[in-house]
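Engineer: Sending over a structure as structure tokens; questions will come in a sec.
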Amino acid sequence: MGGAPRRASRHGSRLPAPPHPRRPPRAVTGTRSDAVTRAIGVDVGGTRTKIGLVGSDGSLGIPYSLPTPGDPHDLCALIARETASVRTQAGLDGEVPVGIAVPGILDEDREVVELAVNLGWKDLELGAMLREEVGAPLALGHDVRAGGLAEAAWGAGRLFTQSTTTPSLPPVADLLFVPIGTGIAAAVVHDGAVFGDRFTGEIGQVLVEEPYTGQRMRLEEVASASAIGRRYAALVDAGEDPLVLTDGGRPAARAVVDRARDGDPQAETILFSALDTLGQALATIISSVGTRPVVIGGGLAEGGSIVLETLRSSIAARLGVVPAPPVLPSSLGMWAGCQGAGLLGMIRARRTEPVG
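First residue of the sequence shown: 1, per full-length UniProt numbering; consecutive thereafter.
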């Protein structure tokens, strides 16, 4: 199974193919059976839902995306329809597990989304709704935690020492996964699992001091990709500047990165203050959980050394005697959540399979 996308669903659109792991990954191993070697991954986003067939080697086939319906019942119907379509295209039976990753505050034991602001969900019993519709073994998980596991198993984590102590998972690296987009969140991967409860990783809500003004703000109001673009546009009165408004008519963080690289002092002010503020928060996490690679997700990670080295320097300046970690971009890119969802589906199926 290759990483190049096949023809998209008639309902969806093509996305760039997910990158292959840097070197051949080892197979998933479990305590019960090795029969489950693939699952359908579904990553529900605020605007798009990504779907693909995930292999135990990290491969991703038939990847495509669809607009995320506003109504949760419509979303469940879409997931049921499209997972059935993927099974048919791949020639698989209905017992192929499905993993679904969602944003927000998720109680994974009860399978209840307590709050997902961007989707307008509150106390939504999504697991029960999905089980009625999908008709296949199903796992429900958090999008950032799922993406962190996928990066640790098949992505950037492959460059580092791996752990094999947790059953039903591929060998994975300890790392800190930080996707930066509309908001900011984090997943601490430790000893083959994501550390913490349903509230762990909501670092975007933490109050920080913005270094240039001293104002106390939520971290994601300063350092998210959306905030970087918005703050720069306000500073320069961007208007209809096509070099800034390149993200669907919204201020684009990548444009700010490019201008900072070219020496634009206002872009430098906005970008460096954002990265310095993010470094404050990440240094606190690292000093608490121990030094481990920091993997940055989202489009901002593609900004290169001006982003990654600036962030690493900010972290290092605050760690004192604690060794500064490497800071590197996500290897799986926008597909990390989808691949992580598939991994969750395989894990759940392996744990519930009868022996023999």
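Backbone N, C-alpha and C fix where the C-beta goes; we use that ideal spot for every residue, glycine too.
#1: Buried or exposed for TYR212, going by 16 or more other Cβ atoms inside 10 Å?
#2: Nearest to ASP320 by CA position, among GLU268, SER287, ALA153, ALA223, is which residue?
#3: Please state the DSSP three-state secondary structure of SER9.
#4: Report, in whole angstroms, the separation of the C-beta atoms of PRO97 and ARG348, which I expect to be a contact under 8 Å.
#5: Using C-beta distances below 6 Å, list every residue in its chain close to THR182, excluding the 5 sequence neighbours before and after it, in chain order.
#6: Under the three-state reduction of DSSP, which class applies to ILE347: helix, strand or coil?
#7: Between which two residues does the alpha helix (DSSP H) harbouring ARG218 extend?
#8: Report the rounded CA-to-CA distance for ASP264 versus ASP191, giving the unit in angstroms.
#9: Residue ranges of each alpha helix (DSSP H) run of no fewer than 4 residues wholly in the segment 251 to 286, ordered along the chain?
#10: What are the boundary residues of the alpha helix (DSSP H) that VAL307 is part of?
#11: Over what stretch of residues does the alpha helix (DSSP H) that includes LEU75 continue unbroken?
#12: Return the CA-CA distance between GLN215 and VAL194, expressed in angstroms with no decimal places.
#13: Which residues mark the beginning and the end of the alpha helix (DSSP H) in which ALA226 is found?
#14: Alpha carbon to alpha carbon, how far is SER330 from ILE184?
#15: Please report how far the alpha carbon of VAL322 lies from the alpha carbon of ILE296, in whole angstroms.
#16: When DSSP builds the beta bridges, which residues end up paired with ASP43?
#17: Between which two residues does the beta strand (DSSP E) holding GLY141 run?
Structural biologist: Working from what's here:
#1: On the sequence shown, residue 212 is found 212 positions in, with the first residue counted as 1. By the 10 Å Cβ count, TYR212 comes out exposed.
#2: Stepping through the sequence shown from its first residue, residue 320 is reached at position 320. As written in the sequence, residue 320 is Gly, which differs from the Asp given in the question. Nearest of GLU268, SER287, ALA153, ALA223 to GLY320, Cα basis: SER287.
#3: For the purposes of this step, residue 9 is taken as the residue at position 9 of the sequence shown. No answer about SER9 holds up, because its pLDDT of 41 lies below 50 and its placement is not dependable.
#4: As a first step, residue 97 must be located in the sequence shown, where it is residue number 97. As a first step, residue 348 must be located in the sequence shown, where it is residue number 348. Correct: roughly 6 Å between the Cβ atoms.
#5: Position 182 of the sequence shown, counting from 1, holds the residue named residue 182. So the qualifying residues of the chain are SER226.
#6: Reading the sequence shown from its first residue, position 347 is the one you call residue 347. DSSP places ILE347 in helix when its eight states are reduced to three.
#7: Here residue 218 corresponds to residue number 218 of the sequence shown, with the count starting at 1. Note, ARG218: premise wrong, no alpha helix (DSSP H); beta strand (DSSP E) at 216 to 218.
#8: Here the question's residue 264 lines up with position 264 in the sequence shown. Here the question's residue 191 lines up with position 191 in the sequence shown. For ASP264 and ASP191, the distance between alpha carbons rounds to 43 Å.
#9: 253 to 261
#10: What you label residue 307 is simply residue 307 of the sequence shown in a count that begins at 1. VAL307 -> alpha helix (DSSP H) spans 305 to 316.
#11: As a working mapping, residue 75 is identified with position 75 in the sequence shown. Taken as a continuous stretch (DSSP letters only), the alpha helix (DSSP H) holding LEU75 covers 72 to 90.
#12: For the purposes of this step, residue 215 is taken as the residue at position 215 of the sequence shown. For the purposes of this step, residue 194 is taken as the residue at position 194 of the sequence shown. A straight-line Cα-Cα distance of about 33 Å links GLN215 and VAL194.
#13: Stepping through the sequence shown from its first residue, residue 226 is reached at position 226. For the sequence presented, residue 226 should be read as Ser rather than Ala. Taken as a continuous stretch (DSSP letters only), the alpha helix (DSSP H) holding SER226 covers 225 to 236.
#14: Stepping through the sequence shown from its first residue, residue 330 is reached at position 330. Stepping through the sequence shown from its first residue, residue 184 is reached at position 184. Between SER330 and ILE184, the C-alpha separation is close to 15 Å.
#15: Along the sequence shown, one-based indexing puts residue 322 at 322. Along the sequence shown, one-based indexing puts residue 296 at 296. Approximately 20 Å between the Cα atoms of the pair.
#16: Along the sequence shown, one-based indexing puts residue 43 at 43. Per DSSP, LYS50, ALA101.
#17: Mapped onto the sequence shown, residue 141 falls at position 141. Note, GLY141: beta strand (DSSP E), 138 to 142.
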